[in-house]
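Counting from 1, position 6 in the sequence shown corresponds to residue 12 in the numbering used here; the numbering is continuous, with no gaps.
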Amino acid sequence: MRISSDSSDVLIVGGGIIGLVTAWRSAQQGLRTTLADPEPGGGAAQVAAGMLAAVTELHYGEQTLLGLNVASAARYPAFVAELEEASGQETGFRACGTLSVALDSDDRAHLRELHALQQRSGLESEWLTGRECRRLEPMLAPGVRGGLRVDGDHQVDPRRLASALVTACERAGVVFRRAWAERLSVTGGRATGAVLADGTELAAGQVVLAGGSLSGRLAGVPEAVVPPVRPVKGQVLRLTVPPAYAPFLSRTVRAVVRGAQVYLVPRANGELVVGATTEELGWDTTVTAGGVYELLRDAHELMPGITELPLTETRAGLRPASPDNAPLLGPTALPGLHLATGHHRNGVLLTPVTGEVMAHVLTTGELPELGRPFAPGRFAATASPGAAPASSPDSPDSPEQTAPAPQEQPV
Ligand code: GLY
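So, in structure tokens, the structure goes:
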């Protein structure tokens with residue numbers, strides 16, 4: 007084993023957007039920060055559509071998570087302004103709003119329920135008739151039966167966000183180790199760093215495990231603190247709107263078709279992202295004919311003109327899901343080891359608030375009030391009665407845990 011001569015205050019394991027924002031905020035606090043990942047800026051952000059859908063993706067039983075989602079959405083404009091300034095790069099943030107539409111009477115009933123839940127939760131959304139929806143978005147199918155206009159659910163381009171975060175980290179002095187972290191180092195009952203795939207041992211005062219869906223696979227993590235995170239596959243398509251067709255859409259449009267969600271996210275540069283499947287298939291990231299067919303079929307029902315557009319990319323990624331769909335943030339029962347993972351459908355949305363919460367944890371040792379419901383200890387077998395899950399386990403959106411037990415693998 008080679009011991010690196012450097013030791014840092016904080017070692018982040020995993021360089022997706024959550025690891026990156028944690029590293030950036032940590033370095034801004036004056037902490038000497040190292041991040042280990044063979045490809046910083048990769049991961050689920052390379053696939054994600056980038057909807058900031060705190061209101062339109064509200065689910066029953068997830069009111070606690072809603073508070074964090076709304077807090078992060080509110081931080082987005084200032085966050086991207088600061089990040090763009092720090093990196094000199096654009097993030098593709100667009101304050102364009104979202105329209106959720108219904109294609110039949112069942113969809114309309116479902117959307118009415120969602121509207122009522124949004125209103126009870128104090129969220130802003132407006133019910134529109136089908137005609138009003140088509141007036142806003144003329145490419146919508148004539149059969150649209152109604153919809154919800156949510157002017158506060160915006161979008162960002164996750165690939166640009168990730169790239170900007172890498173640059174901001176570099177400029178803030180974060181040291182990148184472009185290698186897999188293979189094993190957590192534990193000395194005297196405390197996390198003290200990690201061993202990389204090439205055998206180099208990195209020492210650190212605190213370690214943050216931010217490995218996305220792979221977070222449960224780092225060797226050396228004591229069983230009691232292994233994060234209960236599993237992969238949930240999402241297939242996503244990218245199309246291009248030729249200038250002659252622009253503007254094809256002016257805002258994000260989404261619907262639930264035959265029980266499956268479909269969304270179309272139009273970027274300012276002409277990219278149109280169509281997502282996403284939700285599949286409990288373990289570590290499989292195959293793009294399947296069935297996945298592409300279903301997305302195109304549902305998107306076509308919503309917006310028939312879509313079949314005219316060039317299909318430029320198909321890709322699948324893995325959402326890091328926790329048992330209650332909410333993230334795991336902050337200290338574990340192993341001193342020195344923190345988690346920043348389990349963001350499931352909300353990783354892009356929760357990036358600003360995660361950076362803030364983790365910087366607070368790393369400098370004070372404690373979660374700020376906003377982050378407390380998301381402490382990893384809520385899943386511990388010995389959790390105190392007060393440590394309830396961040397959302398109800400019988401939430402209709404909580405899929406069964408069917409993924410096979412993961413093998414140990416580097417993250
Ligand atoms: N938040 C969108 C998705 O997970 O597909």
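Don't be surprised by glycine CBs; every beta carbon is placed ideally from N, CA and C.
Check: Are Gly217 and Gly25 close, meaning C-beta to C-beta below 9 Å?; Outcome: yes
Check: Could you give the first and the last residue of the continuous alpha helix (DSSP H) run that contains Leu302?; Outcome: Ala295 to Leu308
Check: Please confirm whether any heavy atom of ligand 1 lies closer than 8 Å to the CB of Met309.; Outcome: no
Check: Looking only at its chain, what residues have a beta carbon closer than 8 Å to the beta carbon of Pro249, apart from the 5 residues adjacent to it on each side?; Outcome: Gly276
Check: I'd like to confirm something about Ala282: is its beta-carbon nearer than 8 Å to some heavy atom of ligand 1, or not?; Outcome: yes
Check: Buried or exposed for Ala60, please, with buried defined as at least 16 other CB atoms from any protein chain shown within 10 angstroms of its CB.; Outcome: buried
Check: Got a sec, what are the start and stop residues for the alpha helix (DSSP H) Pro66 sits in?; Outcome: In the sequence as presented, Pro is not what sits at residue 66; that position holds Tyr. Premise fails: Tyr66 is in no alpha helix (DSSP H) and is neither H nor E.
Check: For ligand 1, I want to know if Tyr82 counts as a neighbour, meaning its beta carbon is within less than 8 Å of at least one of the ligand's heavy atoms.; Outcome: no
Check: Examine ligand 1 and report whether any of its heavy atoms sits within less than 8 Å of the Cβ of Tyr269.; Outcome: yes
Check: List the DSSP bridge partners of Val242.; Outcome: Gly281 and Arg321
Check: Does the beta-carbon distance from Val363 to Val214 come in below 9 Å?; Outcome: no
Check: Among Glu132, Ala122, Thr347 and Gly128, whose alpha-carbon lies nearest the alpha-carbon of Thr418?; Outcome: Residue 418 lies beyond the residue range present for the chain, which begins at 7 and ends at 417; the question has no answer from this structure.
Check: Measure from the alpha carbon of Val181 to the alpha carbon of each residue in Arg223, Ser14 and Pro341, then state which is nearest.; Outcome: Ser14
Check: Between Glu419 and Asp163, is the Cβ-Cβ spacing less than 9 Å?; Outcome: There is no way to answer for residue 419, as the model of the chain reaches only from 7 to 417.
Check: Rounding to the nearest angstrom, what Cα-Cα distance links Glu91 and Thr360 in this structure?; Outcome: 20 Å
Check: Could you tell me the distance, in whole angstroms, from the CA atom of Asp159 to the CA atom of Ala79?; Outcome: 8 Å
Check: Name the DSSP bridge partner or partners of Arg189?; Outcome: Val201 and Ala225
Check: Kindly indicate which three-state DSSP category Ser338 falls into: helix, strand or coil?; Outcome: It is worth fixing the name first, because residue 338 is Thr in this sequence and not Ser. Coil.
Check: Between Ala54 and ligand 1, is the CB less than 8 Å from at least one heavy atom?; Outcome: yes
Check: Which residues in the same chain have their Cβ closer than 8 Å to the Cβ of Ala51, if we skip the five residues on either side of it in sequence?; Outcome: Gly22, Ile23, Pro164, Arg165, Leu167, Ala168, Gly353 and Val354
Check: How close, in whole Å, do the beta carbons of Thr318 and Leu245 come, if the pair is a contact with beta carbons under 8 Å?; Outcome: 6 Å
Check: Can you tell me the Cα-Cα spacing of Leu315 and Val247, whole angstroms?; Outcome: 6 Å
Check: Rounded C-beta distance between Ala108 and Gly342? I'm assuming under 8 Å.; Outcome: About 50 Å; that fails the 8 Å criterion.
Check: Is the stretch 138-154 in contact with the stretch 37-50, if contact means three or more CB pairs nearer than 8 Å?; Outcome: no
Check: Please specify which runs of the beta strand (DSSP E), each continuous and at least 3 residues long, are wholly inside the stretch 134-179, giving them in chain order.; Outcome: 152-156
Check: Taking contact to mean at least 3 C-beta pairs separated by less than 8 Å, is the stretch 319-333 in contact with the stretch 232-241?; Outcome: yes
Check: Which word fits Tyr299, buried or exposed, when buried means at least 16 other C-beta atoms lie within 10 angstroms of its C-beta?; Outcome: exposed
Check: Using DSSP's beta-bridge definition, name the partner residues of His366.; Outcome: Looking at the DSSP assignment, His366 forms no beta bridge with any residue, so it has no partner.
Check: I'd like the span of the beta strand (DSSP E) that includes Gln267, first residue to last.; Outcome: Ala266 to Pro272
Check: Look at the alpha carbon of Tyr82 and the alpha carbon of Gly98, and state the distance between them as a whole number of angstroms.; Outcome: 12 Å
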